[in-house]
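Just so we're aligned: 24 in numbering that gives the first Met the number 0 is position 25 of the sequence shown, and the numbers increase by one with no gaps anywhere.
Cβ coordinates follow ideal geometry from the N, Cα and C atoms, glycine included.
What you are looking at is a predicted structure, and each value in this text was computed from that prediction instead of being measured.
Worksheet: one structure, shown below.
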Amino acid sequence: MAILLPEQFFNLAPNVGKSYYENLAGGINAAVTVNNNSLNPVSLVLTVVNAPVVTYVIPALNSLTIAVNALLVAALLSGAGAVFGTIEVATSDF
Numbered sequence: 000m001a002i003l004l005p006e007q008f009f010n011l012a013p014n015v016g017k018s019y020y021e022n023l024a025g026g027i028n029a030a031v032t033v034n035n036n037s038l039n040p041v042s043l044v045l046t047v048v049n050a051p052v053v054t055y056v057i058p059a060l061n062s063l064t065i066a067v068n069a070l071l072v073a074a075l076l077s078g079a080g081a082v083f084g085t086i087e088v089a090t091s092d093f
């Protein structure tokens, strides 16, 4: 069964990180979609069970959807400039 969590808006000042999803009870399969509506890149940081932390840089005015197994934490990190947009997480038993 899939659960689509509410879309969250982000507005981060320069050099700020914020967690938008946490499952510290062992992780869950999930798809994460980030829409970067700003003129600066934003980094999506994913922490997965028994794997290294992975960071994806989403360029200005772009989006990314990625599916992962056993997601623990999904966070966003701004760089030298402020960023804004949306992030949405869908969890599943896939």
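Taking C-beta separations shorter than 8 Å and ignoring five residues to either side along the sequence, the partners of T54 in its chain run S42, L43, V44, L45, L76, following chain order.
Cβ neighbours of P5 within its own chain (closer than 6 Å, five residues either side excluded): none. Per DSSP, G84 is one residue of the beta strand (DSSP E) stretching across 82-91. When DSSP states are grouped into helix, strand and coil, G78 belongs to the coil group. For the pair A30 and T64, the CB atoms are nearer than the 8 Å cut-off. In the DSSP secondary-structure assignment, N28 is bridged to S91. The beta-carbon distance between A89 and A1, rounded to whole angstroms, is 6 Å. This is short enough to meet the 8 Å contact definition. Residue pairing by DSSP places E21 opposite V72 in a beta bridge.
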